[in-house]
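Structure, as C-alpha cells:
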Amino acid sequence: EFPTVQLRLHVEALGAITAMVLDRQAVVGISGPLAAGVEGVECVAAGSVPMVPVAAPDHPLGRMERIPPGAGREYTQLVLTDRSRFTEGQDYSVMSPKTWRLADLGAKHALLREGIGWGNMPLPMIEPDLIDGSLTRLAMPDHTGGMYRFAGVWRRDTPPGPAASWLLDQFVALGQNDKALEGMGDV
134 EFPTVQLRLH VEALGAITAM VLDRQAVVGI SGPLAAGVEG VECVAAGSVP
184 MVPVAAPDHP LGRMERIPPG AGREYTQLVL TDRSRFTEGQ DYSVMSPKTW
234 RLADLGAKHA LLREGIGWGN MPLPMIEPDL IDGSLTRLAM PDHTGGMYRF
284 AGVWRRDTPP GPAASWLLDQ FVALGQNDKA LEGMGDV
C-alpha cells in the first residue's frame, strides 16, 4: 500500500511500547491495555488474544489430575516484565510469590517447555505445544486465564500520517474478528 515508506519494527513488552511512542522512538504502537489513560497518548481498540496458564507435562502442576485452588502459589511462575516507567512495580495475573521475571516472551516459552515453571501464554502461540504434548493447559480453578486486549497507540500531539493510519486500521480490522473464549474475562 505504501511501498516507499520504510518500516522499523521493534518488539517490546508491556509499557515499553507506550514509552517508545511517548519518547518519539515510534509513531504508532500496538500495546496492551495499560496504555489507556496515559497522559498524552491516544488509543484505539486493536484486537485481543486469549492468555492461558500452561506448564510442561512433567511439571508438578502439569501432572495433577485436579489442581486445587491456590496450588499455583506453591510453584515458580514465569512472568513477563519490562523496565518501563509505566509498569514499574506493577504485576499482571501474578499469583505466586515465587516468580522468575523475563523480558522476552520467546524465552518464557522456552523455559516453560523445559519445565522451569508455569505461566500464562498467548493461546495461538502455544497451540502447537498443546497438540504435540510439550505443554499442558492448566485447569486452575482460581486462574483460568483471560483475554489480553490490544490497543493501537500514538501521541496526542502527533497524529499518525497516512501510512501509519493505514497500518493501525489493519490491526483494528483484524481485531474485529477476535473472539473471546467462553468464560474468559480480561487479564
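Just add 133 to the spot in the sequence shown (first one is 1) and you have the working numbering.
Beta carbons: idealized from backbone N, C-alpha and C, even for Gly.
Which term fits residue i, buried or exposed, when burial requires 16 or more other beta carbons within 10 angstroms of its beta carbon?
i	result
asparagine 310	exposed
isoleucine 200	buried
glycine 162	buried
alanine 159	buried
methionine 258	exposed
glutamate 145	buried
Going by DSSP, name the residue or residues bridged to residue i.
i	result
alanine 189	In the DSSP output, where bridge partners are listed per residue, alanine 189 has none listed.
histidine 276	Met273
alanine 178	Ala284
threonine 232	Gln210
glycine 252	Val187
serine 323	An answer regarding residue 323 cannot be provided, because it is not within the stretch 134 to 320 covered by the chain.
isoleucine 264	BP columns for isoleucine 264 are empty, so no partner.
Do residue j and residue i have their beta-carbon atoms positioned less than 8 Å apart in this structure?
i	j	result
proline 183	glycine 285	no
threonine 214	alanine 236	yes
glycine 252	proline 186	yes
glycine 248	tyrosine 208	no
arginine 282	valine 154	no
arginine 206	serine 226	no
tryptophan 299	glutamate 134	yes
valine 138	alanine 296	yes
threonine 151	valine 171	yes
Please report the Cβ distance between residue i and residue j, rounded to the nearest whole angstrom; I am assuming they are in contact, meaning their Cβ atoms lie under 8 Å.
i	j	result
glycine 180	glycine 308	3 Å
aspartate 290	glycine 173	7 Å
Across the region 161-181 and the region 242-250, are there enough close Cβ pairs to call them in contact, namely three or more that are closer than 8 Å? no
Touch check for the region 271-279 and the region 181-195: three-plus C-beta pairs under 8 Å? yes
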